[in-house]
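Undergrad:
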Amino acid sequence: MSKMIEAFFDAWAETDSDLRAAALRGVMAESFVYLGLHPNDPITDANALTGCVGTGALV
11 MSKMIEAFFD AWAETDSDLR AAALRGVMAE SFVYLGLHPN DPITDANALT
61 GCVGTGALV
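So the sequence shown is numbered by the numbering used here: it starts at 11 and just counts up by one.
(1) Which of helix, strand or coil does DSSP assign to Ala56?
(2) Measuring only the C-alpha atoms, how far is Arg30 from Asp55?
(3) Report the three-state DSSP secondary structure of Ala23 (helix, strand or coil).
(4) Can you grab the Cα-Cα spacing for the pair Ser27 / Met14, in whole Å?
(5) Express the C-alpha separation of Ala23 and Ala17 in angstroms, rounding to a whole number.
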């Protein structure tokens, strides 16, 4: 968990906004696991994470 938090803040510290956005998408996609029908499948797209959170699919 601490590596995930460190990676998030490292990405957030990026000064170039495009690079920061790309880094944050990567960190978020690597750091969360979908807890639905296929709990072993990692989320590889930040939009998928947003969709899961928005629908309450993550528990």
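Glycine included, every Cβ here is placed at the ideal spot set by N, Cα and C. All values derive from a computational prediction rather than experimental measurement.
TA: With the given structure in hand:
(1) Helix.
(2) Taking the straight line from one Cα to the other gives about 16 Å.
(3) Ala23 falls in the coil class under three-state DSSP.
(4) So the alpha carbons of these two residues sit roughly 20 Å apart.
(5) Separation of Ala17 and Ala23 (C-alpha to C-alpha, rounded to the nearest whole angstrom) is 10 Å.
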